[in-house]
Each structure stands twice: as structure tokens, then as C-alpha cells.
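The structure appears below as C-alpha cells.
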Amino acid sequence: ETGVTQTPRHLVMGMTNKKSLKCEQHLGHNAMYWYKQSAKKPLELMFVYNFKEQTENNSVPSRFSPECPNSSHLFLHLHTLQPEDSALYLCASSLRTGSSYEQYFGPGTRLTVT
Amino acid sequence: GENVEQHPSTLSVQEGDSAVIKCTYSDSASNYFPWYKQELGKRPQLIIDIRSNVGEKKDQRIAVTLNKTAKHFSLHITETQPEDSAVYFCAASVNTDKLIFGTGTRLQVFP
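Protein chains in written order, with this note's numbering: chain U, 1 to 114; chain G, 1001 to 1111.
Listed below in C-alpha cells is the structure:
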């Protein structure tokens, strides 16, 4: 699959587990994002990375820990989550130029916290 | 911070009719307004966007209008087709990175 890929696509975890979500972009972009999509709520921006540097942390609880080792990979480390954290987690990437600001989304990871 | 409101939450139209979705934003500094389409079980995809220095932009059957004074922008889809059925999200941002999304509009086009 080209573009933006995410693994796993589905994840069920207990509140005491530790897991990680992975995102990879094959588009040569230099910015990457994590979003949370819950039912009947808007897409919520969680984190923004530009050139591997975190530029935005949208008041996200510390039980979500992002990591961006290079401009192609983005991780979201999860620990001691709550049931209300169950949602679709979307990764996106973009090329920050003066003419295009389109964000390309991955297929998402459907997370269920039991 | 920025707040984006989107209406209606659901919209049903007959094939061939027009559909209009409206959004309002709160931060007058916002200067970038994209619209994303998300089909069932798929990822959101950009369909059209507008910068604050432009009042209207059109791409085939899709158009977006922006009223900076009133702080609202709208998506217009003409000659709707069944494949237009999806959830549409508007968004606003000041620096193009921090997109604040609306709650989405579920559009159903009936044949």
C-alpha cells in the first residue's frame, strides 16, 4: 500500500496494557499528525510534528506519548488508557510548501479499551 | 482557541439536486479553510480548500464560498450523485497545520 499506512488496523487492549500505534508515510512529506476520531465528535488534532520536531500538543493526556524518529515514521505509545479513549486514531502527513497544505490521511487504527 | 460549528449534521437530497453545508468559525485570524470527504470505512480526503484572500473557489460540481466578515464558509455540491454520499468535514486554521474540524455532515443522495 502506498501513501500513508497505519498498523495495526484494529487493537483491543486492557487498561493496564502498553501498546504502540505505527504510522508510515511514503510521500516524501515533512510533517505528520495524530488525530482522534470519536463517534459524533469532530476530528480532534492531538499532535503535530514538523521535520521530526513536535510543534503542537493539543492538551493531550500523558497516557498518550508520541514519537517521531524521522520524517517518515510516527508512533503513538499508549499506556494505562481509559475506556473513553476508544476511538479511531488517524495519522496524516503533509508537505509544508507555499502552494499546498493538503493533509493525507492513513486508514486509521480502531482502538478499543476494555 | 478556534471553534468550528457545522450544519446540518445530516442532509438528504435527491440525485441531481444541490446540497449546501455551512460552517462558522470563531478566530478571525483563521486563513485556511479545507473541506474533507470521508466515505464509509475510508480515510478523509481533501476535496477543496480556500484561502482567506479568495471569496469563492470552484472545481467542477463543487464550490466553496467564504465570508470573512461573517466568519462563515459553505460547501456547495451541484447535480449530486449517489457517489457523493459521505460525511463531509469543514476545518479552519491559522497556520495550515493546526486544523480545527467541524462535527461533520452526513450527506445521503438518493437515486
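Think of the CB as a built atom: it goes at the ideal place given N, C-alpha and C, for glycine as much as any other residue.
All figures in this text were calculated on a predicted structure; none of them were measured in a lab.
Going by alpha carbons, who is nearest to residue i out of the options?
i         : options                                       : result
G:Gln1081 : G:Ala1019, G:Gln1038, G:Ala1063 and G:Leu1046 : G:Ala1019
U:His158  : U:Glu44, U:Val4 and U:Asn17                   : Because residue 158 of chain U is not part of the residues shown, which for chain U are 1 to 114, the question remains open.
G:Thr1096 : U:Leu45, U:Thr109, U:Ser59 and U:Gly3         : U:Leu45
U:Thr55   : U:His73, U:Tyr101 and U:Ala31                 : U:Ala31
U:Asp85   : U:Tyr33, U:Tyr49, U:Gly14 and U:Glu102        : U:Gly14
U:Cys91   : U:Ser59, U:Val12, U:Thr97 and U:Leu43         : U:Leu43
G:Ser1028 : G:Lys1098, G:Phe1101, G:Glu1002 and G:Ile1100 : G:Glu1002
G:Ile1077 : G:Pro1008, G:Gln1006, G:Gly1016 and G:His1007 : G:Gly1016
U:Ser59   : U:Thr109, U:Trp34 and U:Arg110                : U:Trp34
U:Ser115  : U:Phe47, U:Cys68, U:Leu74 and U:Glu53         : With chain U covering 1 to 114 only, the question about residue 115 of chain U has no answer from this structure.
G:Ile1048 : G:Tyr1025, G:Phe1073 and G:Ser1026            : G:Phe1073
G:Gly1102 : G:Ser1012, G:Val1013 and G:Thr1024            : G:Thr1024
G:Pro1111 : G:Tyr1036, G:Ser1009 and G:Val1013            : G:Val1013
U:Gly3    : G:Glu1079, G:Thr1010, G:Pro1008 and G:Arg1043 : G:Arg1043
U:His73   : U:Ser93, U:Gln82, U:Leu88 and U:Tyr89         : U:Ser93
Run through the DSSP bridge pairs and tell me what residue i is partnered with.
i         : result
G:Phe1089 : G:Tyr1036
U:Ser65   : U:His77
G:His1076 : G:Val1020 and G:Ala1063
G:Arg1051 : G:Tyr1032
Quick one: using the 10 Å Cβ neighbour count with 16 as the cut-off for buried, is residue i buried or exposed?
i         : result
U:Arg9    : exposed
U:Leu21   : buried
G:Arg1051 : exposed
U:Lys36   : buried
U:Ala87   : buried
Roughly how many whole angstroms lie between the Cα atoms of residue i and residue j?
i         : j         : result
G:Gly1041 : G:Lys1058 : 27 Å
G:Val1064 : U:Thr80   : 43 Å
G:Arg1106 : G:Cys1090 : 12 Å
G:Gly1055 : G:Leu1099 : 20 Å
G:Gln1045 : U:Tyr104  : 7 Å
U:Arg96   : G:Val1109 : 35 Å
G:Tyr1088 : G:Ile1021 : 8 Å
U:Glu108  : U:Gln6    : What sits at residue 108 of chain U in the sequence shown is Gly, not Glu. In a straight line, the C-alpha of U:Gly108 is about 6 Å away from that of U:Gln6.
G:Asn1031 : G:Asn1053 : 8 Å
Please compile the residues from chain U whose C-beta is within a distance smaller than 8 Å of the C-beta of residue i.
i         : result
G:Asp1049 : Tyr101 and Glu102
G:Tyr1032 : Tyr101
G:Thr1103 : Lys40, Lys41 and Pro42
G:Pro1082 : By Cβ distance, chain U contributes nothing, its closest Cβ being about 23 Å from G:Pro1082, past 8 Å.
G:Phe1073 : Per Cβ cutoff of 8 Å: no residues; G:Phe1073 is ~15 Å from chain U at best.
For a contact defined as C-beta to C-beta under 7 Å, what are the partners of residue i on chain U?
i        : result
G:Thr959 : Residue 959 of chain G cannot be examined here, being either before or after the span of chain G that is shown, 1001 to 1111.
Please list, in chain order, the chain G residues whose beta carbon lies closer than 8 Å to that of residue i.
i       : result
U:Thr47 : Contrary to the premise, residue 47 of chain U reads as Phe rather than Thr in this sequence. Chain G residues near U:Phe47: none, gap ~11 Å exceeds 8 Å.
U:Glu56 : Asp1097 and Lys1098
What in chain G is Cβ-close to residue i, meaning under 7 Å?
i        : result
U:Ala121 : As shown, chain U starts at 1 and ends at 114. That puts residue 121 of chain U outside it, with no answer to give.
Could you tell me which chain G residues have their CB closer than 9 Å to the CB of residue i, listed as they occur along the chain?
i       : result
U:Glu53 : The premise fails here: U:Glu53 is roughly 12 Å from chain G at the closest Cβ pair, so nothing lies under 9 Å.
U:Leu90 : Arg1043 and Pro1044
Anything in chain U within Cβ reach of residue i, meaning under 9 Å, just list it in chain order.
i         : result
G:Phe1089 : Pro42 and Leu43
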